[in-house]
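All residue numbers for the sequence shown refer to UniProt numbering, where the first residue is 1 and numbers rise by one.
Yeah, the Cβ is synthetic: ideal placement off N, Cα and C, and Gly gets one too.
Report on the following structure.
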Amino acid sequence: MLNLKTVKLVAGLFIISVLLSGCSITFQSSGNGQSVTDGGVFKSVNSGGSWRQQTLVATVSGQPLNFNKLNVVALALDPQDKNAVYAGTDSDGLFYSYDAGASWTVAKTLGKRYITDIAISPQNKCLIYAASENRIFKSSDCSRSWQETYFDNDPKVRIYGLAADPREEKIIYAGTSRGEVIQSLDYGQSWTTLKRFSDTQAAAANSVVKILINRGNPNILWAATLGSGVYRSVDRGKSWVGYIEQLSQINASDAVRITDMALALNDSNTVIIATKAGLIRTVNNGERWNAITLVPPADKTAINAIAIYPRDKERVYYVTNTSLGWTQDGGKTWTSKKLPTSRAGVILTADPDNPEIIYLGVMLIATKK
């Protein structure tokens, strides 16, 4: 079983999926003196053929600093500026880069926190949200200052998913470990619970770990849960349709255990989910779901994260504890490469213009079988 005392904070889709797995895992935070230096962010410009560790922190003095000992559990690219990259760590808060990862700056006023997710407004590049434990923080000045904009009175609640509306700058969504989708219509000043998913399963299974918004039609939302499948709304979260039955037909239990979810930007009918049963895709807004065959098969460990190249839904990437896989033909053929680190790949994002460029966040774990 998972020894919860060893986990400083359970966050991110890969991390919380352990709650439903059968293995025993010890998570190691780089904030505890860990000497391994193969952490942080890695970038590839050739689809994972080779990688460069990008962890250099810019300083006034010019002294070289970096965050190569840190675990990066959240990554986000600015929708308006692909060179603006944000990385959330499990101990030292948020780092941001304005030169595609070549150098980084610490968001000092946010403090040393476990950052579970990051969202940048598609309308305002200086409007940034960061989730940490049971709180959400907001910056309105490009990370110069941060203010708490949401606080849950239950200290055990965790915020796992953030999503900024692509058209209405003031609207922001979040998912909670209580199984809720919450929404703010006023830049985070006040919040409303749109949906609390069924309480018939264990609390961990209901955790809303990711929310996606259809950029072409922001009325359409997708919500992924840790263990009770995927849900879709066509009215900005007022009502929801679940797909647990369809997913269960693919695999009775593992197909509803979601570790990540991606929406094709060039075809809003296509959604891919990473599950304990592998990759599953719909091309008709959830009407039908089909498993994607991985050739060669992925590691025995679960797929931790996925990404779809924004300009081509056929180009898909996935990452496991030890390898990166990608296809450029919708899954008919796959290429698999070992990761450049001893750490697990836990978060993945793709450049919006160049299909060869991908960013990877990694986390140090010790697994006991």
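Setting aside the 5 residues that flank it on each side, residue 132 is surrounded in the same chain by 113, 114, 115, 116, each with a C-beta closer than 7 Å to its C-beta; the list follows chain order. The straight-line gap separating the alpha-carbon atoms of residue 330 and residue 269 is approximately 14 Å. Remark: C-beta atoms of residue 272 and residue 209 do not approach each other more closely than 8 Å. For residue 245, the three-state secondary structure derived from DSSP is helix. Residue 42: member of the beta strand (DSSP E) spanning 41-44, first to last residue. Taking the CA atoms as reference points, residue 194 sits about 46 Å from residue 64. Your pair residue 41 and residue 361 checks out as a contact, with CB atoms roughly 6 Å apart and the cut at 8 Å. For residue 232, the enclosing beta strand (DSSP E) starts and ends at 230-233.
Close CB contacts of residue 45 within its chain, under the 7 Å cut and outside five residues either way in sequence, are with 356, 357 (chain order).
Residues 268 of the same chain have their beta carbon placed closer than 6 Å to that of residue 216, with the five preceding and five following residues left out of the count. In this chain, the beta strand (DSSP E) harbouring residue 193 covers 192-196. For secondary structure counted as the beta strand (DSSP E) over 3 or more consecutive residues, the segment 82-111 holds these complete runs in sequence order: 94-97. Assignment of residue 260 by DSSP, reduced to helix, strand and coil, places it in the strand class. It is roughly 21 Å from the alpha-carbon of residue 104 to the alpha-carbon of residue 354. Assigned with DSSP and collapsed to three states, residue 290 falls in strand. In summary, residue 207 is buried, with 16 or more beta-carbon neighbours lying within 10 Å of its beta-carbon over all protein chains present. In the three-state reduction of the DSSP assignment, residue 171 falls in the coil class. Around the C-beta of residue 67, 16 or more other C-beta atoms lie within 10 Å, and the residue is accordingly described as buried.
When the five nearest sequence neighbours on each side are left out, the beta carbons in the same chain lying within less than 6 Å of the beta carbon of residue 178 are those of 157, in order along the chain.
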